[in-house]
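So the mapping is simple: the numbering used here equals the position in the sequence shown, first residue as 1, plus 8.
Heads up, the thing below is written out as structure tokens.
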Amino acid sequence: MSGNITENIADKILLLISAMQDARTPWYAKALVILLLAYIISPIDIIPDFIPVVGFLDEIILVPIVFAFIYKLIPESVKQEINSKDIDESQRRRLKLIGVVLVLFLWLAIVSVVVMFIKQVFI
9 MSGNITENIA DKILLLISAM QDARTPWYAK ALVILLLAYI ISPIDIIPDF
59 IPVVGFLDEI ILVPIVFAFI YKLIPESVKQ EINSKDIDES QRRRLKLIGV
109 VLVLFLWLAI VSVVVMFIKQ VFI
């Protein structure tokens, strides 16, 4: 199960990277990718992380929703062309690793939220 999730994430990240380099991808999709990356990297959040439980919800909920929205903005012709190309195996391995790291980060964030909640309630 985990392999399918990480492969799907890796495939979509690869498609997004390739689509960013394609002239047919709308400028606003490219701008949203840059804004999403800036939000992920930025220490400033919509909901501060130090607030128990809800602090991590913006990353857990907002990032996948925006990512899915950006994915839908990419024209189908671009997606089909990118998917039909042969992908370099080293690039695929690297992206699978990125997918694994993203899934692990998500689980780490969930566990952190639960631990912080338990500390607030029971300690």
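A virtual CB, placed ideally from N, CA and C, is assigned to each residue, including glycine.
Note that the structure is predicted; figures quoted are calculated from it, not measured.
- Item | For Phe77, the first and last residue of its enclosing alpha helix (DSSP H) | Indexing the sequence shown from 1 puts residue 77 at position 69. Going by DSSP, Phe77 is part of the alpha helix (DSSP H) stretching over 71 to 81.
- What is the rounded straight-line gap between the Cα of Val62 and the Cα of Ile126? The residue given as residue 62 occupies position 54 in the sequence shown. The residue given as residue 126 occupies position 118 in the sequence shown. Their backbone Cα atoms lie some 13 Å apart in a straight line.
- Message: Would you call the region 76 to 87 in contact with the region 21 to 32, where contact means no fewer than 3 C-beta pairs closer than 8 Å?
- Response: Contact check between the region 76 to 87 and the region 21 to 32: three or more CB pairs, one atom from each, fall below 8 Å, which counts as touching.
- Query: Which residues in the same chain as Asp53 place their Cβ atom closer than 7 Å to its Cβ, once the five residues preceding and following it in sequence are excluded?
  - Reply: One-based indexing of the sequence shown puts residue 53 at position 45. The answer, listed in chain order, is Asp66.
- Item | Rounded separation between Leu22 and Leu43 - CA only | Here residue 22 refers to the residue found at position 14 when the sequence shown is read from its first residue. Here residue 43 refers to the residue found at position 35 when the sequence shown is read from its first residue. Put simply, the backbone Cα of Leu22 is about 18 Å away from that of Leu43.
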